[in-house]
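Positions -30 to -1, 1 to 262 (mature numbering (1 follows the signal peptide of the UniProt record, and there is no 0)) are the ones given, in order, by the sequence shown.
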Amino acid sequence: MSTGMHIARIVAGAVLATALTATIAPSAQAAPEVRVVSTRAASESASVPQSQAKQAAGVSRASAAPRAAFITALYADFLSRQPSADDVAFWSAKLAAGAPRSIIADGFANSDEYRTIRIEQAYQTVLGRDGEPAGIANWLEAMHRGAVTNDDIEKALFESDEFYLRAAARYGMNPNDGSFLDTLYATILGREAMGGEGGFWLTASYAQMMSQNWMHPDLNSTRPWLTDQIYGSTEAARRRVTTIYDRFLARFPDESGLQLWAAADLSRGDSAVRAGFTASDEYYQRASARFA
C-alpha cells in the first residue's frame, strides 16, 4: 500500500461523500439543445460543444497543475521525498472532489511516516544521537493511542537522565541542576541564561519541588517543572514558529503572524501549527511557483 493510501485513512468520511456528490452532479445537467435547420447549420451547431469541451479540458489541466504542485510540496516539506505519480493522482483527485486543503495537510502532519521523522529528530536535537528502534516504536504506538504528542516526546527526552548527564558533560561538571538549566536554554531557546535568569528559575524550581514533595514525597526532581517552564515559554514558541515559517514559507515571520502562531503553538501544539501553515493560500501559491 502506498504512503498516500496509508495517510488517506485520516481523511474524514465526509470528504468522501463530498467527492461522490461532486462526481455525480455534472452528469445530471441537461445537454444543450441543438436545432438542426440544415446540414451546414447542423455541422456548425455540433461544433460548438466540441469547442467548449476542448476549452473545458484546458481549464481542467490548468487547475490540475496547482493541485499536483501542492501535493508535491507536502511530500517535500513533511516527508523530504518525491511522491510517486500514483500518490499525486490520488491526492489531487481528493482536492478536485472538494476535500479541504486543511484536511489533506493534517493527514500528512499526523501520518506515521512524518511522526517517525519527528521522533527521530527529537532524539537528535535533545540527546544528540539516533533513536533506538524499540524506543521509536514505543513512542509511535503511544501517539496512536493519543497518549503523547510530538511536543510531549521532546519534553520527556529533556527530562531524562541521559539529557541530565549530557548537560553536565557539556560543562565538564558533575551532574547538577545549573548545567541542566543552562543546556535547556541553549537547546530550546538557542542562548544562554542571562543575568539573574538562572538563579530565578533554580530558586523557583526548588520552591516548587518542596511544595510538591510535601504532598508527594516520591517527587524529588526539578527537571519536569523546569522543562515545562522553558519549553512552554512564549520565547520558545516564537523560536519554533520562526523555524516553521522558514521551512514552509521560506521567509521570516511578520510580527503579527508570529504572535498569532506562537499562541497557537502553545495551545494546540507543533503539528497543528504545521498543518495550519500548509493549508494556507500563501503555501498553496508558493507550491505552484516551486513545482509548476
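Every residue gets a Cβ at the ideal spot worked out from N, C-alpha and C, and that includes glycine.
Taking the beta carbon of residue i as the centre, do at least 16 other beta carbons fall within 10 Å, making it buried, or is it exposed?
i: Pro53; result: buried
i: residue 268; result: Given that the chain is displayed from residue -30 to residue 262, the structure contains no residue 268 and the question cannot be resolved.
i: Ser181; result: exposed
i: Glu102; result: exposed
i: Met143; result: exposed
i: Tyr253; result: buried
i: Arg161; result: exposed
i: Ser33; result: exposed
i: Ala104; result: exposed
i: Ser175; result: buried
i: Tyr141; result: exposed
i: Asp251; result: exposed
i: Asp121; result: buried
i: Glu129; result: buried
i: Phe218; result: buried
i: Thr204; result: exposed
Starting from the C-beta of residue i, find all residues in its chain whose C-beta is less than 6 Å away, skip the five residues before and the five after it, and write them out in chain order.
i: Ala257; result: Ala39, Phe40 and Ala43
i: Arg37; result: Ser62 and Leu65
i: Phe48; result: Phe78 and Tyr84
i: Ser72; result: Ala249
i: Ala55; result: none
i: Ile106; result: Ile89
i: Trp195; result: Ser175 and Gln178
Got a sec? Which residues, its chain only, sit under 7 Å from residue i by beta carbon, not counting five neighbours each side?
i: Ala262; result: Ala35 and Ala39
i: residue 277; result: Past the boundaries of the shown model lies residue 277; the chain is included only from -30 to 262, so the question cannot be answered.
i: Tyr215; result: Arg221, Phe222 and Pro223
i: Ala112; result: Val118
i: Ala75; result: Leu44, Ala245, Thr248 and Ala249
i: Asp235; result: Ala207, Arg210, Val211 and Val243
i: Ile123; result: Ile89, Ala92 and Trp109
i: Ala26; result: For Ala26, the pLDDT reaches just 38, beneath the cut-off of 50, and the residue's location in the model is therefore unreliable, although a value from the coordinates is still provided. Excluding residues within five positions, none has a Cβ falling inside 7 Å.
Could you tell me if the beta carbon of residue i falls within a distance shorter than 7 Å of some heavy atom in the ligand GDP?
i: Val96; result: Among the components modelled here there is no ligand, and therefore nothing to report on the ligand GDP.
DSSP state of residue i, grouped into three classes?
i: Asn146; result: coil
i: Glu111; result: helix
i: Asp121; result: helix
i: Gln52; result: coil
i: Pro70; result: coil
i: Gly239; result: coil
i: Gly116; result: coil
i: residue 270; result: Residue 270 lies beyond the range of the chain shown here (-30 to 262); nothing can be said about it.
i: Glu102; result: coil
i: Glu132; result: helix
i: Ala262; result: coil
i: Arg256; result: helix
i: Ala249; result: coil
Is there a Cβ of chain D sitting closer than 8 Å to that of residue i, yes or no?
i: Ser191; result: Note that chain D does not occur in the displayed structure, where there is just one protein chain.
For residue i, which residues in the same chain have their Cβ closer than 8 Å to its Cβ, ignoring the five residues on either side in sequence?
i: Tyr134; result: Pro145, Phe150 and Arg193
i: Gly100; result: A small fix is needed here, since residue 100 is Asp in this sequence, not Gly. Once the five neighbours on either side are set aside, the close Cβ partners of Asp100 are Glu90, Tyr93 and Gln94.
i: Thr212; result: Phe222, Pro223 and Leu228
i: Leu127; result: Ala92, Tyr93, Val96, Leu97 and Phe133
**Q.** Minimum length 4: unbroken alpha helix (DSSP H) runs contained in the segment 154 to 195
**A.** If you keep only unbroken alpha helix (DSSP H) runs of at least 4 residues inside the segment 154 to 195, you get 167 to 185.
Q. Of all the beta strand (DSSP E) runs that stay within the bounds of the segment 191 to 224, which reach a length of 3 or more residues?
A. Complete beta strand (DSSP E) runs here, min 3: none at all.
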